[in-house]
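Novice: Numbering (our numbering), first residue to last: 1 to 462.
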Ligand code: ADP
């Protein structure tokens, strides 16, 4: 297996293949804008689905009253209540709880899962204190954030296309998930009403917009990734006869499916081939938290096989898919000490490397940096693509004034280098003038409040 130095050509080649110089970023931003247009023109015409959210009124700050939000998107579900006090008092009070979903329910029946959620919500509602007030004669209303692929049919209904993220609940696909929840609420004897069904990116945009009128785009970078933005109705050719009061609506891009012009390596291609959805979600597989660690693992495995990166053997655990997780990359990335002791420790913990040489650690750190840099810069190019599309349609209304992109998700929140690379790419692409006007801003838990706000806006009592 030779020396550590034998890993150098692989590293060099990785640098080359993952490079994202300005012309590459520009090409990707342009392709994103073009794919958005194609997806708005006709269903199925683009990698980007450009899904209608049916959210066509945005929060103004005037929303008042008690509203609930329910968020189902992963291994937990979250419930939240908020007392909205209008322009002057804003969020008077808010409370939330998180409940983890037992593994067996993720593989059970629709009724079992929704009964579990409804009973969790019932317990939470039972604890509603004095600070929250529901006017006489009103039902409690819920904004339901449901982060699985849904074909939305109105603001308060949507059909599940398929479960993802480890869920395999029988009998839900093809059904209206709002009806499923309403029936479970009824079985619990709960008199509540789902007023809005929202995707998490859409909820984040609504939540951020409540505080800041300049928010135009929201991006989620967590386990997966998605983005949505505010579009003019007359810029959506596939929607010829639908008109709304405001003339604007939120479009859910489902941008994880983007694939044009991405700089991909053999490691990306192998990971995709062996994934549960080969050929799909290529942008997501290049930039989101679920995959960055796995790409790095694949590079390190190859290096360990052809060189003596970790001595004259390949650690067993290095062959286990997804053992190296993005938070591990992040922890290694924070080590700026001379001899990278933390990198050594994490390699030991995660992939069972008993002892690494300082040279090997340096190579590992460079592999992490290369993959994370590519991810952050491509995410930045995607954001610029969306802004560019909006600017083309409304000259000066995006780059000529303050425009905010609301960011959320664990990857963006916890990974400072990723954030830095993303912002650098946006600045490089926009140039110093336009980038002064574009603000990339983290919004913590915008989506929960956002769903409650959308329930308020779409209340049957207003
Ligand atoms: P989800 O996207 O699963 O709904 P989050 O937005 O909380 O939930 O994102 C969780 C993801 O964020 C994890 O899967 C992981 O990829 C990423 N993440 C969490 N913590 C860190 C960290 N410290 N460093 C880098 N990435 C992290």
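Note that the Cβ used here is the ideal one computed from N, Cα and C, for glycine as well.
When you compare only the Cα positions, how much space is there between residue 1 and residue 11?
Specialist: Position 1 of the chain shown, counting from 1, holds the residue named residue 1. Position 11 of the chain shown, counting from 1, holds the residue named residue 11. Residue confidence for residue 1 is low, a pLDDT of 45 falling below 50, so the modelled location carries little weight; the figure read from the coordinates is stated next. Each residue's Cα considered, the two are about 16 Å apart.
Novice: With a Cβ-Cβ cutoff of 8 Å, do residue 151 and residue 161 count as a contact?
Specialist: By one-based count along the chain shown, residue 151 stands at place 151. By one-based count along the chain shown, residue 161 stands at place 161. Contact: yes.
Novice: Does the segment 382 to 389 come into contact with the segment 295 to 302, if we say contact requires no fewer than three beta-carbon pairs (one atom in each stretch) closer than 8 Å?
Specialist: They do not touch, by the three-pair rule.
Novice: List the endpoints of the continuous alpha helix (DSSP H) containing residue 266.
Specialist: In the chain shown, the residue the question calls residue 266 occupies position 266. Taken as a continuous stretch (DSSP letters only), the alpha helix (DSSP H) holding residue 266 covers 266 to 273.
Novice: So, with DSSP's three-state summary, where would you put residue 239?
Specialist: Counting from 1 along the chain shown, the entry for residue 239 is found at position 239. Residue 239 falls in the coil class under three-state DSSP.
Novice: Kindly give me the distance between the Cβ atoms of residue 220 and residue 204, rounded to whole angstroms, as I take these residues to be in contact under 8 Å.
Specialist: The count along the chain shown starts at 1 and reaches residue 220 at position 220. The count along the chain shown starts at 1 and reaches residue 204 at position 204. Confirmed, about 6 Å.
Novice: Could you say which of 312, 294, 270 and 159 lies nearest to residue 180 if we only look at CA atoms?
Specialist: The residue you call residue 180 lines up with position 180 of the chain shown. Here the closest residue by C-alpha is 159.
Novice: Output the boundary residues of the alpha helix (DSSP H) element that contains residue 419.
Specialist: Here residue 419 refers to the residue found at position 419 of the chain shown. Start and end: 416 to 437.
Novice: Three-state secondary structure (DSSP) at residue 78?
Specialist: Here residue 78 is taken as the residue at index 78 of the chain shown, counted from 1. In the structure shown, residue 78 sits in a strand (DSSP, three-state: E or B).
Novice: Only counting the same chain, and skipping five residues up and downstream in sequence, which positions put a Cβ closer than 8 Å to that of residue 154?
Specialist: For the purposes of this step, residue 154 is taken as residue 154 along the chain shown, with counting starting at 1. Taken in chain order, the residues that qualify are 54.
Novice: Report the rounded CA-to-CA distance for residue 163 versus residue 357, giving the unit in angstroms.
Specialist: Taking the chain shown and counting its residues from 1, one reaches residue 163 at position 163. Taking the chain shown and counting its residues from 1, one reaches residue 357 at position 357. Those two C-alpha atoms are separated by around 44 Å.
Novice: At a cut-off of 7 Å, would you count residue 415 as near ligand 1, judging by its Cβ distance to the nearest heavy atom?
Specialist: Against the chain shown, residue 415 aligns to sequence position 415. Answer for residue 415: yes, Cβ within range of ligand 1.
Novice: Taking contact to mean at least 3 C-beta pairs separated by less than 8 Å, is the segment 14 to 29 in contact with the segment 124 to 141?
Specialist: No, they do not touch.
Novice: Going by C-alpha distance, which of 6, 439 and 82 is nearest residue 402?
Specialist: The residue given as residue 402 occupies position 402 in the chain shown. When each option's Cα is compared against that of residue 402, the closest is 439.
Novice: Can you list, in chain order, the residues of its chain whose CB lies under 6 Å from that of residue 458, leaving out five sequence neighbours each side?
Specialist: By 1-based counting over the chain shown, the position of residue 458 is 458. Cβ within range, chain order: 155, 195 and 196.
Novice: Among residues of its own chain, excluding the 5 on either side of residue 62, which ones have a beta-carbon nearer than 8 Å to its beta-carbon?
Specialist: The residue you call residue 62 lines up with position 62 of the chain shown. Excluding residues within five positions, the ones whose Cβ falls inside 8 Å are 86 and 87.
Novice: By a C-beta neighbour count over all protein chains shown, 10 Å radius and 16 as the cutoff for buried, is residue 432 buried or exposed?
Specialist: If you number the chain shown from 1, residue 432 lands on position 432. With fewer than 16 Cβ atoms within 10 Å of its Cβ, residue 432 is classed as exposed.
Novice: Where does residue 36 fall in DSSP's three states?
Specialist: Taking the first residue of the chain shown as 1, we reach residue 36 at position 36. Reduced to three states, the DSSP call for residue 36 is helix.
Novice: Taking 7 Å as the cut-off, does the CB of residue 204 come closer than this to any heavy atom belonging to ligand 1?
Specialist: Here residue 204 is taken as the residue at index 204 of the chain shown, counted from 1. Outside the cutoff, so no.
Novice: By the DSSP assignment, the beta strand (DSSP E) with residue 399 in it spans what residues?
Specialist: As a position in the chain shown, residue 399 is number 399, starting the count at 1. Run containing residue 399: none; DSSP gives neither H nor E here.
Novice: Looking only at its chain, what residues have a beta carbon closer than 8 Å to the beta carbon of residue 343, apart from the 5 residues adjacent to it on each side?
Specialist: Counting from one through the chain shown, the residue named residue 343 turns up at place 343. For residue 343, where only same-chain residues beyond five positions count, the Cβ hits under 8 Å are 332, 335, 356, 361, 364 and 365.
Novice: Tell me residue 405's beta-bridge partners as DSSP assigns them.
Specialist: Here the question's residue 405 lines up with position 405 in the chain shown. Answer is 217 and 440, bridged to residue 405.
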